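In my numbering, the protein residues as written are 4 to 344.
Structure record follows, encoded as structure tokens.
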Amino acid sequence: MAVTIEDVAKQASVSTATVSRVFNNSARVSPETRNRVLETASMMNYKPRSYRRQQGTGKAVGIVFSNRFFESLTSTPFYAEVMAGVEQSLRERNHDVLIRSLTDQADQDLRSIVSLSEKQRLGGLLIIGYEVSRDFILRLRDLGIPMVLLDRDLWADKLDCILNEDYLGAVEMTDYLIGLGHRRIAFICGPLRHKSLADRYAGYKDSLAKAGIPYDESLVRISESYHGMPEGEQMTIDILSNCRPSPTAIFAAIDLLAIGALRAAQQLGRAVPDDLSIAGYDDIEMVQHLSPPLTTVRNFKWEMGYLAGKRLDELMTGSVKRPVKHTLAVELVIRGSVSQP
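The structure is reproduced here in structure tokens:
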């Protein structure tokens, strides 16, 4: 039976991640530990499957995300479109795709990925979503495997990131509403720990400030749990029932929240857009079929996923070396859910 990375780690009294770092020439291993691992590997006749470009790149790509993200794939159209772009991009480049959903046990998850990389000759990692912690991502980086982050901004750590221009998109939408004459603009949003949502919130506030409109926290609702249609409906009912004077427009930071807002308006007898304008963000496929069709901010979800796969392939083949933060532009999509107050 072939010697595995786990066998070497156990014999050398180190973690599997440390063995992987040694064979990927990571600087974050002491000389003493490095020598012990190399001597142990030599004694056990261990033959590592290197990820290093000079020894040949593995074709398999590991897609890593949290278990909560995995659950959202079936209920969040945004990520479903992103994943379609990722799949197409990697398939065109003949990469096998391996899925790894993380638990809340970081050490166990890291061992699992190291083991996967040994067994499948893993050539690259694509990390998706904000819920994978920075600490865990930096530990993955130490393995020496090419890595791209999708919808996760760790550019400060010099990691490749593929993002959307969320701040400017929110500024543009709020500017548009103000330009129509709206001054009482409510804002409903999901958890601000998601940087893209925090950026949209900041864009909303900065647009108001630029126009000389005081920020009114009574017009803002932030859901710290799941951000779907029920939350949008509940937050909108709360705003319309309790805020006086009532807002003339609601800007939802996510299209699913906007759909919930449309439902709430219907329940309360508010005609959209005659009595209340509602705008969203993302331009998921279903919103063009609503009644009225939703005015929203389009981010290019499929293209985002496709670019992430392309960028990872470039890192794996060595055609690029320096990390890049790639931010995709967004655009307003004007439909029938917004009008002058």
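Beta carbons: idealized from backbone N, C-alpha and C, even for Gly.
For clarity, every value in this text was computed on a predicted model and none was experimentally measured.
- Looking at P296, G126, G132 and A12, the one whose alpha-carbon comes closest to that of S69 is G132.
- For G147, no beta strand (DSSP E) encloses it, and the DSSP letter there is neither H nor E.
- K198 is positioned such that its CB atom lies closer than 9 Å to that of D156.
- Judged by DSSP secondary structure, T239 falls outside any beta strand (DSSP E) and instead within the alpha helix (DSSP H) spanning M232 to N245.
- When DSSP states are grouped into helix, strand and coil, T251 belongs to the coil group.
- Comparing alpha carbon positions, the residue from K328, P295, C192 and L315 closest to G235 is C192.
- Going by DSSP, V100 is part of the beta strand (DSSP E) stretching over V100 to L105.
- Judged by their CB atoms, I225 and L195 are nearer to each other than the 9 Å cut-off.
- As computed with DSSP, L153 is found in a beta bridge with I131 and I165.
- Looking at the DSSP output, H329 bridges to I165.
- For F303, no beta strand (DSSP E) encloses it, and the DSSP letter there is neither H nor E.
- Taking 8 Å as the upper bound for CB-CB distance, A20 and R142 are in contact here, some 7 Å apart.
- Spanning the alpha carbons of A214 and G206 requires a straight line of approximately 12 Å.
- Residue burial is scored here from C-beta neighbours: G65 has at least 16 other C-beta atoms within 10 angstroms and is therefore classed as buried.
- For A189, the pairing in a beta bridge is given by DSSP as I253.
- With a beta-carbon spacing of about 15 Å, T299 and E168 fall beyond the 8 Å limit used to define contacts.
- Under DSSP, V223 shares a beta bridge with F190.
- Going by DSSP, S340 is part of no alpha helix (DSSP H) at all; its letter is neither H nor E.
- Shown here, I66 sits in a strand according to DSSP, grouped into three states.
- If only complete runs of 3 or more residues are kept, the segment 255 to 295 shows the beta strand (DSSP E) at 280 to 282, in order along the chain.
- Residue pairing by DSSP puts L125 in a beta bridge opposite A63.
- Pairing G283 with V85 gives a Cβ-Cβ distance that is not under 9 Å.
- By the C-beta density criterion, M176 is buried, having at least 16 other C-beta atoms within 10 angstroms.
- Counting along the chain, no alpha helix (DSSP H) covers I216, and no H or E run does either.
- DSSP, reduced to helix, strand and coil, places G312 within a helical segment of the structure shown.
- If you draw a straight line from the Cα of V174 to the Cα of R247, it is about 25 Å long.
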